[in-house]
Amino acid sequence: FRLVHYQEESYYQIIKEGKETTYINTATNAKLENGDERYAVYLARYCLGDQTSPIAGITKLNEFTFEYKFINRLLPAYKVSFDRGDGMDVYVETNSTRLGTLNNRTRKTCILIFSYLHNWSFLQGMPNLKLFLMLAFMAMAFFVAASGLTIYGFLWKTFQKQKPSKSSSNRKWHRRIGLMVSISTLGFAFSGGYHAFAKANAAKVVPVAAPMFASSTVGQLPELLNKIGGRLIKNLSMAQIGTENFFQVTWMEKATETSYFKATNLERLEKGEERYAIYLASKYSKLPSDKILSTTVIRKFEGEYGFINKRLPVTKVQYDTEEQHSVYVETSSGKLAANISAPKRLEALSFLLLHKYHFIDPIGKTLRDIIIVSLVLGIMLVNILGLVLWLKK
Numbered sequence: 010f011r012l013v014h015y016q017e018e019s020y021y022q023i024i025k026e027g028k029e030t031t032y033i034n035t036a037t038n039a040k041l042e043n044g045d046e047r048y049a050v051y052l053a054r055y056c057l058g059d060q061t062s063p064i065a066g067i068t069k070l071n072e073f074t075f076e077y078k079f080i081n082r083l084l085p086a087y088k089v090s091f092d093r094g095d096g097m098d099v100y101v102e103t104n105s106t107r108l109g110t111l112n113n114r115t116r117k118t119c120i121l122i123f124s125y126l127h128n129w130s131f132l133q134g135m136p137n138l139k140l141f142l143m144l145a146f147m148a149m150a151f152f153v154a155a156s157g158l159t160i161y162g163f164l165w166k167t168f169q170k171q172k173p174s175k176s177s178s179n180r181k182w183h184r185r186i187g188l189m190v191s192i193s194t195l196g197f198a199f200s201g202g203y204h205a206f207a208k209a210n211a212a213k214v215v216p217v218a219a220p221m222f223a224s225s226t227v228g229q230l231p232e233l234l235n236k237i238g239g240r241l242i243k244n245l246s247m248a249q250i251g252t253e254n255f256f257q258v259t260w261m262e263k264a265t266e267t268s269y270f271k272a273t274n275l276e277r278l279e280k281g282e283e284r285y286a287i288y289l290a291s292k293y294s295k296l297p298s299d300k301i302l303s304t305t306v307i308r309k310f311e312g313e314y315g316f317i318n319k320r321l322p323v324t325k326v327q328y329d330t331e332e333q334h335s336v337y338v339e340t341s342s343g344k345l346a347a348n349i350s351a352p353k354r355l356e357a358l359s360f361l362l363l364h365k366y367h368f369i370d371p372i373g374k375t376l377r378d379i380i381i382v383s384l385v386l387g388i389m390l391v392n393i394l395g396l397v398l399w400l401k402k
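In my numbering, the protein residues as written are 10 to 402.
Okay, structure coming up:
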């Protein structure tokens, strides 16, 4: 369980295995009927900033869908559809009070185009064929860009001597634009192929069952509240470290400070947050705890732990293993945020720098996107000019 805020009141959110999540008012002990859906709508309206539009539908998702893909990370989630002109769908995770994503009609169209033309979703049922064709096209693109750069760049004077005929306007533009976009084409092709291969060969993550707590476990809760006294708390939950259960208390005045109290005798656990992070990292990674080098609290997305991972704050547990594993865990939910090894780190770096151009982030996202779009349009134009020249032969 944990605390949530709904319409100016506080509730215990009790997550039950295989059953509907229950909401109990902390002041009156009254149950909130249909609480999980109502809380999902409350979150969706808050995230969207729309308190008036009618709700067209609410759907609970236990797996990712065509419009709510794995990249959004959060499950289970609610899809809250609004009856408004832009066809807005808001995806929220009630168990962590998080926004998954917002999809309006324009974004749904972009997802459709991207899925079929970039990710080749039409071959989803044939993964081996999909990977083979993707790698073949990436290799072809890499070879064409490399040969074009060599012939029209480094060896241009040699080829001019061999073919002294006057170039046409199309041929000149084909060469000029081709030289400008050749490096980016090499980067796109290499990183795209590398990413597709790594993704297809990635080890499947075996789900780890979340700990379940018997109702008797919280018997000491009234005593804990008395012990806390007048100190304000931001949240209250349960955590399991090994075979022992703890109350997990996040303090209001120091939102970065979390304390752990044994559920049996309310004894405070020293360095509880660090010990819980190490326990979670060991549980998810199966790596030996004696190989741990350090633990670091991460409060913003940067470096290898980017926005794609969704969860913050997290604790980074660094291991001294051959593959230099970095395991990121979220102690507030007990979830694994990311498990990054040296091969994953190299592939991610390739994709971030050569495919998504994050090395120019300092100039701003908008300008970065303009540069990427310009390069892609340039590549398209070179291909069109090349096709025209070939057809005129």
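Just so you know, even glycine gets a beta-carbon here, dropped at the ideal spot from N, CA and C.
Indicate the three-state DSSP secondary structure (helix, strand or coil) for residue i in the structure shown.
i	result
R320	coil
W129	coil
Y15	strand
R377	helix
Q333	coil
R8	With the chain covering 10 to 402 only, the question about residue 8 has no answer from this structure.
P173	Low per-residue confidence applies at P173: pLDDT is 49, beneath 50, and the placement is therefore not dependable, though the value from the model is reported in the following sentence. Looking at P173 - three-state DSSP - the assignment turns out to be coil, as it is neither helix nor strand.
N244	strand
F270	strand
L384	helix
S303	strand
A218	coil
G251	coil
N348	strand
T194	helix
E356	helix
L390	helix
I23	strand
K402	coil
K325	strand
F3	Since the first residue shown for the chain is 10 and the last is 402, residue 3 is missing from the structure and cannot be characterised.
F310	coil
Hey, residue i and residue j are a contact pair by Cβ (cut 8 Å); roughly how many whole angstroms apart?
i	j	result
I242	M261	6 Å
W182	L394	6 Å
S191	A154	5 Å
Y406	Y77	Since the first residue shown for the chain is 10 and the last is 402, residue 406 is missing from the structure and cannot be characterised.
Y328	I349	Actually they are not in contact, since the Cβ atoms of Y328 and I349 sit about 11 Å apart, beyond 8 Å.
D95	R114	6 Å
L41	Y55	Actually they are not in contact, since the Cβ atoms of L41 and Y55 sit about 17 Å apart, beyond 8 Å.
H367	L376	Not a contact, Cβ separation roughly 13 Å.
K88	Y100	5 Å
I369	I380	7 Å
I307	R284	Not really, about 18 Å apart at Cβ, beyond 8 Å.
G109	N71	Not really, about 13 Å apart at Cβ, beyond 8 Å.
Which residue's Cα is closest to the Cα of residue i: the options?
i	options	result
T30	Q16, E17, E18 and L12	L12
Y32	I67, V258, F10 and E17	F10
E282	T265, K292 and Y293	T265
K139	A223, Q249, P85 and K208	K208
M97	Q249, I67, I372 and R185	I67
S359	G94, Y203 and G187	Y203
F141	K88, F151, R180 and A205	A205
V227	N71, Q257, S341 and R308	Q257
A150	T194, I122 and T115	T194
T273	L289, E253 and S291	E253
K401	N113, L70, N179 and R320	N179
A219	I381, L41 and L345	L345
K69	S90, R354, Y314 and G312	S90
E18	V385, A39 and G27	A39
A53	R116, K319 and L111	L111
S268	G251, A290 and R240	R240
F316	A290, T330 and A357	A357
F75	D59, Q22, I120 and E331	I120
F324	E313, T330, G312 and A290	According to the sequence shown, residue 324 is Thr rather than Phe. Closest by alpha carbon: A290.
Y48	Q22, T37, E331 and V382	Q22
N43	K28, T340, K319 and G196	K28
Q229	E311, F270 and T259	F270
E332	K353, L321, N318 and G312	K353
V385	N318, D59, K374 and H364	H364
Answer yes or no: do residue i and residue j have a C-beta to C-beta separation smaller than 8 Å?
i	j	result
V326	A351	no
A198	M143	no
V336	S294	yes
L278	K236	no
E102	L83	yes
V391	K292	no
S105	S342	yes
T330	L355	no
P63	D92	yes
G157	G196	no
*Complete runs of the alpha helix (DSSP H) confined to the segment 28-91 [at least 4 residues]*: Correct list: 44-57.
_beta strand (DSSP E) segments (min. 3 residues) lying fully within the segment 99-161_ = Within the segment 99-161, complete beta strand (DSSP E) segments of at least 3 residues are found at 107-112, given in chain order.
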